[in-house]
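Asks: Structure in structure tokens, see below.
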Amino acid sequence: MLLNSPERSLSLLNTHTGERLKSIVYWEKGIYIPDALKDINYVLRDHRTDEVTSIDPITLDLMAAISRKLEAKRPFEIISGYRSPQTNAALRG
């Protein structure tokens with residue numbers, strides 16, 4: 030179970046940039062790891078504007094729980110992470 034784990038990790042692949050994080054530990058011994066969260070936020074950034082925002086750690090916890098429950102061997106393929114208001118407006122045309 031995720032709540033009883035000494036650490037939480039994620040594997041991510043940004044399908045637009047090709048950037049990947051392999052089993053990055055972002056939570057350990059009850060503490061979120063700031064440098065790991067920074068790396069995750071960067072991979073999930075708006076790739077059109079390079080704007081980075083903080084992703085809610087609870088979202089990451091849900092992703093980690095799903096990955097663990099499914100015994101996933103492959104990374105989450107990120108098609109759309111954060112999208113800035115500028116990108117949203119441009120995509121709406």
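Letter by letter, the sequence shown follows residues 30 to 122 of our numbering.
Note that CB positions come from ideal geometry on N, CA and C, so glycine has one too.
1) Less than 7 angstroms between C-beta atoms, sequence neighbours within five positions excluded: which residues of the same chain meet that for H45?
2) Determine the burial state of S96: buried for a count of at least 16 other Cβ atoms within 10 Å of its Cβ, exposed for fewer.
3) Between the alpha carbons of P86 and L66, how many angstroms are there, rounded?
4) From the DSSP output, in three-state form, read off K128 for me.
5) Please give me, in chain order, every unbroken run of the alpha helix (DSSP H) with length at least 4 that falls completely inside the stretch 44-111.
Replies: In this structure, then:
1) Non-local beta-carbon contacts of H45 in its own chain, meaning distances under 7 angstroms to residues more than five positions away in sequence, involve H76 in chain order.
2) Buried, since its Cβ has 16 or more Cβ neighbours within 10 Å.
3) Looking at the two C-alpha atoms, the distance is approximately 8 angstroms.
4) Residue 128 falls outside the range modelled here, since the chain spans only 30 to 122, and no answer is possible.
5) The alpha helix (DSSP H) runs of length 4 or more contained entirely in the stretch 44-111 are, from start to end of the chain, 63-72 and 86-98.
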